[in-house]
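Sequential numbering from 8 applies to the sequence shown in the numbering used here.
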Amino acid sequence: MTTNSQRSNPINPNLITPNPIKPNPIKPKAFKARLLIQVALLLILALWSFLSSVGAEYGDRVITSRYFMMGAAALYAFLTPYLLFPDSRLPLYQLGNTMSAAILKHLLGRSSMLCLVPLAVTLPRLLTSPESFADSLIYAIQAILFLGSLWIIAVFRYLKTGERSQFWKESERGQILQQRLTVVLKTPVDAGSLPTLLETILITSMGMLIVAVGALLTASAGIYAGLFPAILLLTYAIWLIFVQREALPQYYRTNAFFREYFRTGLDGKEDPVSVNVEELWWVPRNLRADLLPVLMQMDRKIPSSRWIYAGHGVMWILALQQPGRSVMLAAWALFLVIHHIPMLITSGESILPAWFARWLGSPFHWIVIRFWIQMRWLLLIVVSIFLQQMIFGEASVSTQDLVVLLTGYLSVGAFAAYATGHHLRPSKSALR
């Protein structure tokens with residue numbers, strides 16, 4: 008029988024451990040600066056949202072806010088696991104014998120900006136109605152319920168992925184599925200990542216469906232009926248909170264999986280990644296051996312791939328607002344130029360010394376390699392712009408614009424590759 012000073016261990020109920028003294032929260036020196044930056048960002052986003060909605064019809068504001076909510080659902084689904092796991096504070100919580108409630112509070116606090124940013128963008132558009140403040144308040148409550156509930160659902164559902172990922176990674180069924188997917192997709196697939204992929208699809212679909220059903224009910228049965236889907240989402244979020252109050256086992260398992268998946272140590276730093284040259288099926292064979300380390304450095308230092316994917320998400324959120332062809336053309340041009348920044352960052356002497364690069368190959372060899380690295384994004388760019396053309400029509404960039412953008416992308420890529428490869432040529436004084 009336990010006393011007030013003792014509690015049962017959540018992993019082994021038969022083991023009685025003393026209740027730890029609740030420590031003061033750790034406040035690093037950069038905490039205040041980070042908090043000020045976050046507050047400033049939220050205020051800037053709120054001000055931009057308010058100013059951009061001035062003069063627009065209130066119905067258009069509501070529609071735009073629904074697009075933002077759909078975009079937030081995709082961000083929750085995509086970014087939540089990357090923000091939460093692997094957790095560098097895991098050893099601290101293990102040593103401190105931290106309770107589940109403190110862990111849940113930490114996870115929600117760590118991902119709070121995921122909820123606050125969409126709220127800062129959405130609410131100023133809904134609370135500035137010159138017609139009816141009551142209707143504005145109902146729409147705002149609907150947005151708050153939706154964004155807050157879906158954020159909690161994303162955190163709690165991803166918290167459970169560790170156990171399911173371990174099963175698929177270690178079981179015979181998972182190994183068979185992994186082999187089949189690798190053959191079909193022509194690229195290595197980790198069976199343990201499938202639960203995370205399914206959660207991403209589920210959360211995105213759930214969020215977009217709730218927004219669509221809410222809009223349909225509002226149009227057919229009135230503004231109060233539109234609250235019903237958001238209330239259902241809130242009910243599900245509350246149920247998850249009560250079901251997963253003892254979150255320690257899931258927290259440790261999920262951390263272990265993502266630490267192995269992202270190849271990170273207990274301190275949160277990335278461990279070396281073992282990738283076979285044969286996995287680069289899209290690269291000519293004579294370039295693979297030298298292209299692989301450059302590609303790994305780009306994804307390790309930035310990481311470039313995750314930021315490019317996030318950038319495409321931002322481009323789709325912008326497209327949903329239908330700002331016009333000129334704005335989308337300028338945004339795509341800027342985004343395509345940003346694609347080449349990781350290559351410039353990873354071309355320094357600290358990553359690839361000039362003498363070592365010259366020993367491996369000629370300057371022209373490295374120019375071709377760095378140009379070819381940028382080719383990997385071409386298909387994603389074309390598909391993304393083409394889908395925007397199909398969905399938004401004249402509000403998106405035209406086919407002629409697509410040709411111009413791709414030509415500019417390849418031209419800038421060739422120039423950046425030449426600039427980073429030309430400095431590898433030995434100087435005249437070195438040749439004497």
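Where is the CB? At the ideal position from N, CA and C, for every residue including glycine.
With 16 other Cβ atoms within 10 Å as the buried cut-off, status of residue i
| i | result |
| --- | --- |
| Ile33 | With a pLDDT of only 47 at Ile33, under 50, the local geometry of the prediction cannot be trusted, and no value is derived from it. |
| Trp246 | exposed |
| Tyr165 | buried |
| Lys112 | exposed |
| Gly233 | buried |
| Tyr416 | buried |
| Asp5 | As shown, the chain starts at 8 and ends at 439. That puts residue 5 outside it, with no answer to give. |
| Gln329 | buried |
| Gln186 | exposed |
| Leu42 | exposed |
| Arg377 | buried |
| Asn262 | buried |
| Pro291 | exposed |
| Ile160 | buried |
| Ala244 | buried |
| Gln257 | buried |
| Leu91 | buried |
| Trp339 | buried |
| Ala147 | buried |
| Val375 | buried |
| Val250 | exposed |
| Phe422 | exposed |
| Met382 | exposed |
Residue i - DSSP class collapsed to helix/strand/coil
| i | result |
| --- | --- |
| Ala426 | helix |
| Leu95 | Note that residue 95 corresponds to Ser in the displayed sequence, not to Leu. Correct three-state label for Ser95: coil. |
| Met106 | coil |
| His347 | coil |
| Trp384 | coil |
| Pro30 | Only weak support exists for where Pro30 lies, its pLDDT of 45 falling under 50; the value from the coordinates is given anyway. If DSSP states are grouped into helix, strand and coil, Pro30 belongs with coil. |
| Tyr231 | coil |
| Glu64 | coil |
| Val290 | coil |
| Ser405 | coil |
| Ser212 | helix |
| Gln329 | coil |
| Ser200 | helix |
| Ser118 | coil |
| Gln251 | coil |
| Ser4 | Outside the displayed range of the chain (8 to 439) lies residue 4, so it cannot be described from this structure. |
| Gln45 | helix |
Pick from the options that is closest to residue i, judged by C-alpha positions
| i | options | result |
| --- | --- | --- |
| Glu267 | Gly214, Gln173, Val344 and Ser227 | Gln173 |
| Leu157 | Leu240, Glu179 and Leu99 | Leu240 |
| Ala109 | Gly318, Leu121 and Arg96 | Arg96 |
| Ala222 | Met76, Phe378, Phe92 and Ser56 | Met76 |
| Gly229 | Val61, Ile145 and Glu401 | Ile145 |
| Pro370 | Asp408, Tyr425 and Ser418 | Tyr425 |
| Gln45 | Ile148, Ile210, Phe92 and Val124 | Val124 |
| Leu409 | Val389, Gly400, Ile398 and Ala421 | Val389 |
| Ala317 | Val69, Phe85 and Phe399 | Phe85 |
| Leu82 | Val321, Ser56 and Ser333 | Val321 |
| Pro349 | Leu302, Ala127 and Ile151 | Leu302 |
| Met120 | Glu401, Ala47 and Gln257 | Ala47 |
| Leu78 | Ser212, Ala226, Ser391 and Trp384 | The sequence as given places Gly at residue 78; Leu does not occur at that position. Taking only the C-alpha atoms, the option nearest Gly78 is Ser212. |
| Ile210 | Thr87, Ile238 and Asp142 | Thr87 |
| Thr203 | Leu216, Lys167, Gln182 and Ile183 | Lys167 |
| Arg260 | Ser312, Phe342 and Arg171 | Arg171 |
| Ala296 | Ile380, Ser56 and Leu52 | Ile380 |
| Trp373 | Asn293, Ile51, Ala80 and Leu412 | Asn293 |
| Asp67 | Ile208, Thr135 and Tyr100 | Thr135 |
| Gln396 | Glu64, Leu114, Leu133 and Ala326 | Ala326 |
| Leu343 | Thr207, Ile392 and Arg132 | Ile392 |
| Ala237 | Tyr89, Ser312, Ile151 and Ile208 | Ile151 |
| Arg132 | Ala80, Ala63, Ser200 and Gly420 | Ala63 |
| Leu224 | Gln149, Val162 and Arg117 | Gln149 |
| Val162 | Leu351, Ala53, Arg332 and Leu114 | Leu114 |
Chain D within 8 Å of residue i, Cβ atoms only
| i | result |
| --- | --- |
| Gln396 | Included in the structure is just one protein chain, with no chain D present. |
Next on the checklist: As an exercise, report each continuous alpha helix (DSSP H) stretch of at least 4 residues that is fully enclosed by the stretch 128-179, in chain order.
Outcome noted: Qualifying alpha helix (DSSP H) stretches, in chain order: 140-166 and 168-177.
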